[in-house]
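Keeping their order, the protein sequence lines are chains A and B.
Per numbering that gives the first Met the number 0, the very first residue in the first sequence carries number 0; after that it's consecutive.
Per numbering that gives the first Met the number 0, the very first residue in the second sequence carries number 0; after that it's consecutive.
In this text, a Cβ means the ideal position worked out from N, Cα and C, and glycines have one as well.
Single-structure report; data block below.
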Amino acid sequence: MKQEAQLRSLIEDVREGKLPRRSFIQQMVGLGLTAPMASMMLMHAGVANAQATLPYKPTKRGGGGALKLIYWQAAVHLNPHFAGGTKDQDASRIFYEPLAGWDSDGNMVPALAAEIPSRQNGGVSADSKSVTWKLKKGVTWHDGKPFTADDVVFTAAYAGDPATSTVTVATYKDVKVVKIDSHTVRIDYPKPTPFWAEALTGIFGCILPKHVFEPYIGAKSRENPANTKPVGTGPYKIVDFKPGDTLRAEANPNYHVPNQPFFDTLEVKGGGDALSAARAVLQTNEFDYGWNLAVEDELLKRLEAAGKGRMEFLPGSDVEFVSLNVTDPWNEVDGERASAKSKHPAFSDKAVRTAMGMLLDRKGVQEVIYGRGAITTANFLNNPPRFRSPNTKYEFNIDKAVQVLETAGWKKGADGIRAKGNVKLKFVFQTSVSQPRQKCQAIFKDACTKAGIDLELKSIVPAVFFGSDAANPDTYQKFWADMQMFTTTMGSPDPQVFMEQFTTDQISQKANKWSSRNLARWSNAEYDAAFKAAQEEFDPVKRAALFIKMNDLVVNDGYIIPLFARPRPNGIVNKLVPALSAWDNATWSVGYWYRES
Amino acid sequence: MINYILRRLLIALPSLLGISLVLFTVLALAPGDPFEDLANNPNVPPEVRMALRAQFGLDDPIWQRYLRWLSAMLQGDWGFSFVSRINVDTLIQQRIPVTIAVIGLSQLLALLVALPVGVLAAVKPYSWFDRIASTVAFVGFSLPTFFTGVLFILLFSVQLGWLPFVYRADLSSSGWQWWVDQFKQSIMPITVLGLFQAASWMRYVRSAVLDVIRLDYVTTARSKGLAETVVINKHVVRNALIPVVTLVALQMPAVFGGAIVTEQIFRIPGIGSLLIDAILRNDTPVIMAVTFVFSCLVILFNLIADVLYGWLDPRISYR
Chain A
0 MKQEAQLRSL
10 IEDVREGKLP
20 RRSFIQQMVG
30 LGLTAPMASM
40 MLMHAGVANA
50 QATLPYKPTK
60 RGGGGALKLI
70 YWQAAVHLNP
80 HFAGGTKDQD
90 ASRIFYEPLA
100 GWDSDGNMVP
110 ALAAEIPSRQ
120 NGGVSADSKS
130 VTWKLKKGVT
140 WHDGKPFTAD
150 DVVFTAAYAG
160 DPATSTVTVA
170 TYKDVKVVKI
180 DSHTVRIDYP
190 KPTPFWAEAL
200 TGIFGCILPK
210 HVFEPYIGAK
220 SRENPANTKP
230 VGTGPYKIVD
240 FKPGDTLRAE
250 ANPNYHVPNQ
260 PFFDTLEVKG
270 GGDALSAARA
280 VLQTNEFDYG
290 WNLAVEDELL
300 KRLEAAGKGR
310 MEFLPGSDVE
320 FVSLNVTDPW
330 NEVDGERASA
340 KSKHPAFSDK
350 AVRTAMGMLL
360 DRKGVQEVIY
370 GRGAITTANF
380 LNNPPRFRSP
390 NTKYEFNIDK
400 AVQVLETAGW
410 KKGADGIRAK
420 GNVKLKFVFQ
430 TSVSQPRQKC
440 QAIFKDACTK
450 AGIDLELKSI
460 VPAVFFGSDA
470 ANPDTYQKFW
480 ADMQMFTTTM
490 GSPDPQVFME
500 QFTTDQISQK
510 ANKWSSRNLA
520 RWSNAEYDAA
530 FKAAQEEFDP
540 VKRAALFIKM
550 NDLVVNDGYI
560 IPLFARPRPN
570 GIVNKLVPAL
580 SAWDNATWSV
590 GYWYRES
Chain B
0 MINYILRRLL
10 IALPSLLGIS
20 LVLFTVLALA
30 PGDPFEDLAN
40 NPNVPPEVRM
50 ALRAQFGLDD
60 PIWQRYLRWL
70 SAMLQGDWGF
80 SFVSRINVDT
90 LIQQRIPVTI
100 AVIGLSQLLA
110 LLVALPVGVL
120 AAVKPYSWFD
130 RIASTVAFVG
140 FSLPTFFTGV
150 LFILLFSVQL
160 GWLPFVYRAD
170 LSSSGWQWWV
180 DQFKQSIMPI
190 TVLGLFQAAS
200 WMRYVRSAVL
210 DVIRLDYVTT
220 ARSKGLAETV
230 VINKHVVRNA
240 LIPVVTLVAL
250 QMPAVFGGAI
260 VTEQIFRIPG
270 IGSLLIDAIL
280 RNDTPVIMAV
290 TFVFSCLVIL
300 FNLIADVLYG
310 WLDPRISYR
C-alpha cells in the first residue's frame, strides 16, 4: 500500500531527527488519526517516547489561594465510570487519577504508573496481547489507605461488570487484569490489541479504591455514597458537593507529586449560560477558568479586549459535518421511511453530491460565524500536502457547481429549480436549534438558491434532535430529511470506534430501533473490508494506513461532507498557567495548574 | 375553625391525587430519555442503556410505574434522580435554604416596599408622592427581571466592579466576612426580584386602600375625632388588606418555583433551577417531586389565605 510506505518513511524521518516528533503527530491528526494513536505508532516503531513532562514552577505545596473554575453545565455526580458527559468527567477527574493521561501531543504522561510500558522496557508483549504496568509506590488514598495493585484489578472488574452499568463497560468487559505483585499489574487481551492503552488510561482508566467501592459492585452501585463523596488519589480532596451546582475541594496534603498542588482550595461552579460564564472569567475575573465557552468569536474578542483574560482554542477531534441521505426519506419501502433498501432520488447521482460539496461555503461561515472556533477542512483528510489527492480538496464555487449540474442533465425549470425527469433538486436540510447553526444553514441556502437548488431549512430542539426517542420522527438517528448537520466527536483516543460509524453493520434502521450509528446509511464493501482488516491488524502503521484509506473512501464518495474542525474554547484569566490537553479532560492534570506571581 | 381546616385538608387529598396522576402521565408520555447521553456516546454499548432502563423500571407500563411511585411516596420515599443517582429529597433539601434566603427575602422586600408606599400613595391620591410612586411602579413592572438583572450585572459587576454576579451557595469565608460576602452576592438578585414584585403589589395596595378610604365608616371614624394614624391603620388598612392577602398568599408558592429566569441569570442554585435542569435532562423523578411539592404548596397557601380572612374580618365565619 502506498500510504503505508509513506507512513513508514515519515516514521523513519522522525527516528533520524529529520522530522520533529510534534509535526509528525500534527500531520497524523490532519489525516484523521488521533494524536494518541500517532504517538503509539512511534512507540511501536521504537522511536523513544521522550519522557513527557509538564511545565511546573512552584517550589512548595499550597500557598496559591483559591482556584475557581466555571462550567455552564453543572456536574451531577462524581464517579468517573458513570460519567457520560464532559462536565461529570472533568469534575470526577479532579479526585481520581488513571495510570496515565494523554497530553496535547498524544504522549502518555504517567499519573499512578511508575513508567509507561513499551516494547523496550518489556511492558508490551511482542504479540500485543498483554501489557504490564508498574505502579507508583507510596501513593495513598484520601482516607489514608495505601494504593496497590488490588485497586487496579478491582477497578477493571467493577467497570467490566455489566450489572454495574458503567459507561466504560465496553473497555473492560473482555480484558483481564492480573496482579503480579503489590505494585505491578498485567492486562491480558483476548486477541492482539494494537491500541493497548485504552484500558486504565485517561478518563476511562480512573482507578477506584477497592475498600470503598467493593461493597457496591453490581446492581447496588447506585447506593454508594462515594458516588458523590469521592475518595481518590488526586491533588484535591472533596469538601462539599451539591449536584447540579457547586463542587468544593481542598488541597490534598499527602499528594504523591512533590510541591503539588499549588492552590489551597478549588471550586467548580456549574450552571447558567456560556456567554455569562465568559464574562465571569474574561471581564470580571470572578472565576479563573471557563470551560467550553462556545460563544460567537466576535463577542469573545470584545470581552478579551478588557485585557483581564485570554481565550485558548485546543484543536481536538470534533468535526462539524453535513451528511446527505443515501436513502429515500420521503417514500416507504417495506413500511419504513429511509429504508436501507431505497436510494435517494437525487443524491444517488454523484454530480449532485459533487455540486453540493462545492456549494457549502466553509470559509465564509468560518469567517462570519465561528472565527477562531472553527478550522475549515475539506474532509477528515486535509494535511499534509503529499497525501492530498486532487479530488478531495474543498472548493466553494457556484459557477462550477452549476456547470457540473448542467453537464449531468439537471436543467432549470420555470420556477428556477433544477430538475431531471420528475426529480426536483428540492431538499429538506435539518440541524439542531443553535444560533450559529441556523446562520450557517442560511448561508448554505443562499448559495444553493443561486445554483438552482432549493433548500427548506428545518431546526429541531436539541433535546429532540439528539434525543434517542424511537417514537419521534425528528431525531438525527432517523434522519428523515435529505440533509443534516451536526458535530461528531471521537470519544476515545483510538479511532476504531469512531470509524465504525460508516460500516454497513451500523446502518441505523427500524430493525435496530435506529440505535446504531451509521446515520447517513452509507454502505461500501471496500470500506467494510478495510474496517475488518483494521480490527485484526496489529501492526500500528498498517492499521493507520487502513484508517486513512477509510477516511478517503467516505469523503470521496461525497455523501459525508466535513466542514470544520471545532477546537475547544477555554477562557483563562491572566497569570493562570493551566495544563490543558485536547486528548484528555480539562482537569486531567489539575495538580500542575499554578498562578504566576 | 379546626373542623373547617380538617375538612379542607381532606378535600385536598383527592385533588392532590388527581394532580399527581395527570403530572405522571404527562411526563411519561413526553418524549425524551434520561439516558440520552449514553445513547449518543459511541463507547457505551446499547445494552448498558437497556440494562439501566430495565433496572430503573422505565420499560414497564405507565400504570404500574404510577402505582409504584404512589406507594413509595406514601411511605415517604421520594425516589432517586436518574441523572445524579442520589435521593430526590436530598436534592430538594440542598436547594431549600438558598431558595428561602434569596427568593423568600425578595418577597419580604417586596411587601416592605409595597405596603407603606401603596398606603401613602392612596391616602393622598394624585399628590406628587403618588405620581412619582405610580410612575416608578409602572416602569418597574413593565421591565422583565431578565432585563433588569442583566442591566444590574452590567452596571454593578462589569462597569463598577462592586458586586459579584455569580451566586455561590458554598462561600468559603467565615465569620463577619461570610455575612459581607453573602450580602454582596444576594443584594442584586433580591433587589431585582423584590422590586419587580413590589411594583405590581404597590399598585394593588393603592387601589385596595382607595376603595376603602372613601367609605362612610372612615368618615365616621374621622368625625369621631380619631387620630389620622389610628383611622388609617385600624380602619382603612385592615379592611383593605383582604384582597391583598389573597394576592400575596397565592404568590407565595411561586417563591419555590417561579424565579427560574432570575436563578439562571445569577446562577442561584434554587429549586427553580433544579426543576429546569431536571426538565432538560428528562430526569422524571425530580420533575415529579418538585412539581408535586409545588402543587401541595398552592393548596396549603390557599387554605392559609382563607384562614387569614377570618382574622382580618371577623364577619367571615367558617362553617
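Residue burial classification, residue i (beta-carbon count within 10 angstroms, cutoff 16)
| i | result |
| --- | --- |
| F546 of chain A | buried |
| M355 of chain A | buried |
| V243 of chain B | buried |
| G174 of chain B | exposed |
| G590 of chain A | buried |
| N381 of chain A | In this prediction, N381 of chain A scores a pLDDT of 41, lower than 50, which makes its location untrustworthy; the coordinate-derived value is nonetheless stated afterwards. Looking at its Cβ environment, which holds 16 or more other Cβ atoms inside 10 Å, N381 of chain A is buried. |
| R542 of chain A | buried |
| S181 of chain A | exposed |
Candidates the options: closest to residue i by CA position
| i | options | result |
| --- | --- | --- |
| L111 of chain A | A:A125, A:D126, A:T139 and A:G105 | A:T139 |
| I264 of chain B | B:V157, B:V292 and B:V149 | B:V149 |
| W200 of chain B | B:V165, B:L114, B:A168 and B:S156 | B:L114 |
| G105 of chain A | A:D263, A:N421 and A:Q26 | A:Q26 |
| V217 of chain B | B:W62, B:L111, B:I231 and B:F300 | B:I231 |
| R48 of chain B | A:N555, A:S514 and A:A450 | A:S514 |
| K228 of chain A | A:R185, A:Y95 and A:P344 | A:Y95 |
| N251 of chain A | A:T58, A:I93, A:D187 and A:Q483 | A:I93 |
| V184 of chain A | A:V174, A:P191, A:T192 and A:G16 | A:V174 |
| E455 of chain A | A:V427, A:A441, A:D468 and A:G83 | A:V427 |
| A533 of chain A | A:Q402, A:V496 and A:A169 | A:V496 |
Any chain B beta carbon closer than 9 Å to residue i
| i | result |
| --- | --- |
| W587 of chain A | no |
| H597 of chain A | Only positions 0 to 596 of chain A appear in the structure, and residue 597 of chain A is not among them; the question remains open. |
| P328 of chain A | no |
| N390 of chain A | Low confidence applies to N390 of chain A: its pLDDT is 44, below 50, so where it sits in the model is not reliable, and the reading given next is rough at best. No, N390 of chain A does not count as interfacial toward chain B. |
| F346 of chain A | no |
| I506 of chain A | no |
| V75 of chain A | yes |
| D317 of chain A | no |
9 Å Cβ cutoff met for residue i and residue j
| i | j | result |
| --- | --- | --- |
| A34 of chain A | S103 of chain A | yes |
| G315 of chain A | P161 of chain A | no |
| T167 of chain A | H76 of chain A | no |
| D287 of chain A | R594 of chain A | yes |
| F300 of chain B | L246 of chain B | no |
Interface flag, residue i vs chain A, CB-CB below 9 Å
| i | result |
| --- | --- |
| A288 of chain B | no |
| L259 of chain B | First, the amino acid is wrong: residue 259 of chain B is Ile here, not Leu. By this cut-off, I259 of chain B is not an interface position. |
| F79 of chain B | yes |
| R64 of chain B | no |
| Q74 of chain B | no |
| A168 of chain B | yes |
| A27 of chain B | no |
| D180 of chain B | no |
| V191 of chain B | no |
| P13 of chain B | no |
| P30 of chain B | yes |
| Q176 of chain B | no |
Cut-off 6 Å between Cβ atoms - residues of its own chain near residue i, not counting five sequence neighbours on either side
| i | result |
| --- | --- |
| R280 of chain B | V82 |
| R202 of chain B | A136 |
| G193 of chain B | S105, L108 and A109 |
| S388 of chain A | The pLDDT assigned to S388 of chain A is 41, lower than 50, so where the model puts this residue is not dependable; a value taken from the coordinates is nonetheless given after this. None. |
| A239 of chain B | A207, V208 and V211 |
Residues near residue i in its chain [Cβ-Cβ closer than 7 Å; skip 5 each side]
| i | result |
| --- | --- |
| L518 of chain A | S322, Y475, Q476, F478 and S507 |
| T163 of chain A | Y157, I216, G217 and S220 |
| K86 of chain A | Y70, Q72, A73, A74 and G269 |
| E222 of chain A | Y215 |
| N390 of chain A | In this predicted model, N390 of chain A has a pLDDT of only 44, less than 50, meaning its place in the structure is not dependable; the value taken from the coordinates is given anyway. Once the five neighbours on either side are set aside, the close Cβ partners of N390 of chain A are N555. |
Residue i: CB within 8 Å of a non-hydrogen atom of the ligand ZN
| i | result |
| --- | --- |
| G160 of chain B | The ligand ZN is absent from the structure shown, which contains no ligands of any kind. |
Sequence-distant residues of its chain with Cβ nearer than 8 Å to residue i (five each side left out)
| i | result |
| --- | --- |
| I416 of chain A | K423, L424, K425, G451, I452 and D453 |
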